[in-house]
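Protein chains in written order, with this note's numbering: chain A, 1 to 566; chain B, 1001 to 1566.
Below you'll find the structure, written out as structure tokens, and then a few comments.
Protein chains: 2
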Amino acid sequence: MPSIHRAVPALRRLRLANTAFQQPAFVTLQAAARPAYQIRYQHAEAQQEAAPTTSASSADHAPQDQPDRPQSKIKPTAESYPNLKRDSRFKEVTAEDVKFFKELLGSESAIIDGVNQDASEDLEAFNADWMRKYRGQTKVVLKPESTEQVSKIMKYCNDNLLAVNPQGGNTGLVGGSVPVFDEIVINLGRMNKIHSFDEVSGILVADAGVILQQADDHAAKSGHIFPLDLGAKGSCQIGGNVATNAGGLRLIRYGSMHGNILGLEAVLPDGTIMDDLSKLRKNNTGYDLKQLFIGGEGTIGIITKISILCPQRSPAVNVAYFGLESYEKVQQAFREAKKQLSEILSAFELMDKQSQQLYHRATGNKLPLQNEHPFYCLIETSGSNTDHDSEKLNTFLEHVMGEEIVSDGVVAENETQVQNLWACREGISEAGQHFGGVYKYDLSIPLPQLYDLVNETRERFQNNGLMGDTEDFPVLDVIGYGHMGDSNLHLNIATRRYDKEVEKAIEPWVYEWVAKRNGSISAEHGLGLAKKEFIGYSRSETMIRLMKQIKGLYDPNGIMNPYKYI
Amino acid sequence: MPSIHRAVPALRRLRLANTAFQQPAFVTLQAAARPAYQIRYQHAEAQQEAAPTTSASSADHAPQDQPDRPQSKIKPTAESYPNLKRDSRFKEVTAEDVKFFKELLGSESAIIDGVNQDASEDLEAFNADWMRKYRGQTKVVLKPESTEQVSKIMKYCNDNLLAVNPQGGNTGLVGGSVPVFDEIVINLGRMNKIHSFDEVSGILVADAGVILQQADDHAAKSGHIFPLDLGAKGSCQIGGNVATNAGGLRLIRYGSMHGNILGLEAVLPDGTIMDDLSKLRKNNTGYDLKQLFIGGEGTIGIITKISILCPQRSPAVNVAYFGLESYEKVQQAFREAKKQLSEILSAFELMDKQSQQLYHRATGNKLPLQNEHPFYCLIETSGSNTDHDSEKLNTFLEHVMGEEIVSDGVVAENETQVQNLWACREGISEAGQHFGGVYKYDLSIPLPQLYDLVNETRERFQNNGLMGDTEDFPVLDVIGYGHMGDSNLHLNIATRRYDKEVEKAIEPWVYEWVAKRNGSISAEHGLGLAKKEFIGYSRSETMIRLMKQIKGLYDPNGIMNPYKYI
């Protein structure tokens, strides 16, 4: 067993190595990979003040790089899912309806009218999702600028049986934010004001359409942090984050939306404005109804405003990246990190060798460690005192290296290195898509069994002849990474092309595998259209029945985000 | 302005003074104050293994010391609230019903039968609340030992329109846990097993009837902490904690039940077992129904099991107590503590001069500081490294003393001193009751205005002739204290005797005052019977209507915990 002496020089050597850390070509790649329609989307939503460059950082939710599949070839969802039939109870939008909406919204720019004219190009960004997997056929996009307008729209649609699709930043991964057929899109992008921020309590009140990055920037001004961070932060909207109960990179530290959201304003299908916009940390006066809307994916109401508790922002941030020889050692390292870093641990991310190789191949970026290891982890600490945090992190690293839990590691010494290390984790999602397409599974699995699924999936593809090194094989590689601290695995099948055989080989097998271990088939991405069929693998019949009861209570006509969720 | 030099010797001096800190007579007082019925209660619930002494620590929820009001004089709630009428739809319990329950539960000790015999003495502990303010008239107490038994009880009661009152440790402060008329008490005390604890993730799965202290002790074995702490921890049950969304002393650090509860098992009125006992930190598969039961106060279902995330327990705990000259300085100190102590701050409690004087008068305990100050604060830090935490706390204290934000202060140097400082805060509740009775208000108020209410209430009683130094005046003093970190004020009117004139002088004025400032009339105590009438001061008509809709959905016969909540 190596002594502490060996560990310390090792750390020092790696630090030196790290100063020569190569600037990644990552930003360039992402810019090149961004398809045309997304740029148009930024134009269409110029009011959101989302600089085109910010969406390039949306590693976890970025569109696929598919130069061989031009935009017009995205299949309509109705074709990809032939079993789905348009619900004939819903009325089709008429010129008369559009007239009502135009008068209500009072501005030409607040509506895209594909009923009285051909507006297919303008509608495309609202019909298609970022993944380029789903495409709806809406003819009308409404962009209200007030809760009252949303209320009147909803009442009209409910009275007239017009189906609607609430839409935030449209950065979801399960097809929840775009229509399936001709549902009217209600886009919240114009409701983008920050209403108040209490600098003592850290409580932010803002419209649902505020971009996550803007909300965080606002909180940062007074030393606070928005308690959610994810790749899509430059494009996604906080209302959508709440509606999908987004998890992201620092849930291990700041907890979920269910704990952080203090109040909500939402519009119900019948136009009722649910005014639950409390700015109090504690309020035990009745059922906490707002919780139903957190993760409700726009199926029982449209979130219009949120009130959220923003914790203190940590001035000291440290990031370490290390290599380990087995998944057993990854678990040991996690246990030690929880114990020793405790209150300053703000991320513990897992990346397997395959994910890092793929990242390297896709980006050309040099990896932080010279030698290869079966597993890598990224640890982030956030605290109020740089010296204390560095000491804790170094003590931890000396311990895990001394005990041979960790084989090798680097610690970032400046902001650029912090970003480079994070890029090795955040860049995986995009890398998986780089060579064609990707099948993504977002799963909660008890920690001891979490990586077994990746091994078994890889074996499955090795044995069924679908995975190989040449163009003959659809599957390039099976990679596993994710939020170790939350038992949340992202299992990705990186492919050269979408192929029904690949899908058949993995579904529903993967869901059965997860169900057997009492995991979740959707840890943080939600149900949307993609997982609707599979909810039974994670929820009992009783729970599904009770959920349907809630849906029926709030949306008896079923007009909200139909064909999805439950 | 004093220099840092002055601050440091001051701290040192106070530390020295602190070592001579007097052992408080607090434990003795509490033992003396515990009324007879409570001791019987401990006998009746011997299965809970709650040592009689533990209830003595229940400062926030302890019974009143009223030697002049013997037990038999606790008025039935039906008399104190003459407007309440028994709902004639509910059937009265018959010998036949009792027969069914006896056969179902299969044990003599699992039922208290006041139908076939006089059992009033045995029933008393289940009919009367700890505050000795409420007393029901149940004739039957059921103590199921499994979820299946609870399910069968509920189905039978629902089918036969028998009203029920779910009951945990019966430590609530708003009359929610005891019957009003003859509702059957379903006591969870026999369902007290810990089912699993994952030492890596910190996830605990346990029966609802587990005592909070036991749950925390179990978590402590592997270096974790139950993310809730309150005075009643020796008696209250975790199911009741969840059902009332208990807040407690360290919400500022660990957040609310809505964020920490990962799964619930609950029995609905029709006997349905809601099996939502997820052990996953992330599970975005449908509406988060369990949230309705958190804070639902047993009105739509009985919680039978919980799954909860327990964070890492901090080995280093520091407590400081200091005096300040104004509420403005209290707010400044809070801002600085948030900034400088950030991730290690685990409590920031406020106590006014009056509350500390009353504590001193009631207990005879010496206060930690020699000179008197208008305000006192108690700060607790919890972290993984003693040296780091001490350094942060000292830097903070030097800063706030140097800036004259804080006038004087002490830091505990050992566990006894930690307990003594905490006693000055936790002992207030009991002290308020020491001289007769107490009117308690548990309010959320925006921080800048929080203490204004105490001043205005005091003025009110100074002007209306109800407060004074002699026995002629019912009101002894008005005190303010509470969880500053959560904007949660406990406003207490310490009285020599209960007097309707006192109540009239304060209600509904206090609720109007809070409503005007968008506060909450019940921050953490819940609604129960006491606040049912006043929910309109904190919730809109729309919200109340939507809540009633939920109640109607789950409990169409209204048999669950009737006459209370909404």
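Beta carbons are placed, not taken as given, at the ideal position from N, Cα and C, and that holds for glycine.
Taking 8 Å as the cut-off, decide whether the C-beta atoms of residue i and residue j are in contact.
i	j	result
residue 1099/B	residue 1160/B	no
residue 132/A	residue 77/A	no
residue 188/A	residue 263/A	no
residue 1388/B	residue 318/A	no
residue 410/A	residue 368/A	yes
residue 1175/B	residue 1558/B	no
residue 334/A	residue 484/A	yes
residue 359/A	residue 428/A	yes
residue 205/A	residue 277/A	yes
residue 1407/B	residue 1324/B	yes
residue 1142/B	residue 1111/B	yes
residue 271/A	residue 191/A	no
residue 169/A	residue 235/A	yes
residue 1474/B	residue 1460/B	no
residue 255/A	residue 1259/B	yes
residue 127/A	residue 178/A	yes
residue 291/A	residue 1087/B	no
residue 1488/B	residue 1530/B	no
List the whole-angstrom C-beta distance separating residue i from residue j, where the pair is believed to meet the contact cut-off of C-beta under 8 Å.
i	j	result
residue 284/A	residue 1245/B	5 Å
residue 979/B	residue 1203/B	This structure leaves residue 979/B out entirely; chain B is present only between 1001 and 1566.
residue 257/A	residue 301/A	Actually they do not touch by this definition, with Cβ atoms about 15 Å apart.
residue 1171/B	residue 1232/B	4 Å
residue 1552/B	residue 1297/B	Residue 1552/B to residue 1297/B, Cβ: 16 Å. No contact.
residue 1431/B	residue 1362/B	4 Å
residue 166/A	residue 561/A	6 Å
residue 200/A	residue 1443/B	Residue 200/A to residue 1443/B, Cβ: 18 Å. No contact.
residue 1242/B	residue 1147/B	Actually they do not touch by this definition, with Cβ atoms about 15 Å apart.
residue 1506/B	residue 1493/B	6 Å
residue 1379/B	residue 343/A	Residue 1379/B to residue 343/A, Cβ: 16 Å. No contact.
Would you mind sorting residue i into buried or exposed? The rule is 16 or more other CB atoms within 10 Å of its CB.
i	result
residue 107/A	exposed
residue 470/A	exposed
residue 35/A	Annotation note: pLDDT 28 at residue 35/A (below 50); position unreliable, no value reported.
residue 504/A	exposed
residue 1066/B	Here residue 1066/B scores only 39 on pLDDT, less than 50, and its place in the model should not be relied on; the value that follows carries that caveat. When all chains shown are included, residue 1066/B counts as buried.
residue 1237/B	buried
residue 1173/B	buried
residue 1125/B	buried
residue 29/A	Any reading at residue 29/A needs caution, since the residue's pLDDT is 22, under 50, leaving its predicted position unreliable; the model's value is listed next. So residue 29/A counts as buried.
residue 1356/B	buried
residue 486/A	buried
residue 130/A	buried
residue 1217/B	exposed
residue 472/A	exposed
residue 1541/B	exposed
residue 1304/B	buried
residue 1416/B	exposed
residue 1250/B	buried
residue 1509/B	exposed
Practice item. Answer yes if the region 536-546 of chain A comes into contact with the region 506-517 of chain A, meaning at least three C-beta pairs across the two stretches below 8 Å, and no otherwise. Key: yes
Practice item. Within the region 323-409 of chain A, note down every full alpha helix (DSSP H) run reaching 4 residues or more, in order along the chain. Key: The region 323-409 of chain A contains these whole alpha helix (DSSP H) runs: 327-341, 353-363 and 386-402.
**Study point:** Complete runs of the beta strand (DSSP E) confined to the region 110-195 of chain A [at least 3 residues]
**Key:** 111-113, 140-142, 164-167 and 184-187
Check your understanding: Curious, which full-length alpha helix (DSSP H) runs of at least 4 residues does the region 222-251 of chain A contain?
Key -> 238-243
Review point. Does the count of Cβ pairs from the region 215-235 of chain A and the region 109-126 of chain A closer than 8 Å reach three?
Key: no
Point to revise | Ranges of the beta strand (DSSP E) found wholly within the region 443-491 of chain A, counting only runs of at least 3 | key: For the region 443-491 of chain A, whole beta strand (DSSP E) runs of length 3 or above, ordered along the chain, are 475-483.
Check your understanding: So does the region 1397-1404 of chain B actually touch the region 1442-1456 of chain B, counting three or more Cβ pairs closer than 8 Å?
Key -> no
Practice item. Determine which residues of the region 1303-1316 of chain B have a Cβ less than 8 Å from any Cβ of chain E, and write them out in chain order. Key: The displayed structure is made up of protein chains A and B, and chain E is not among them.
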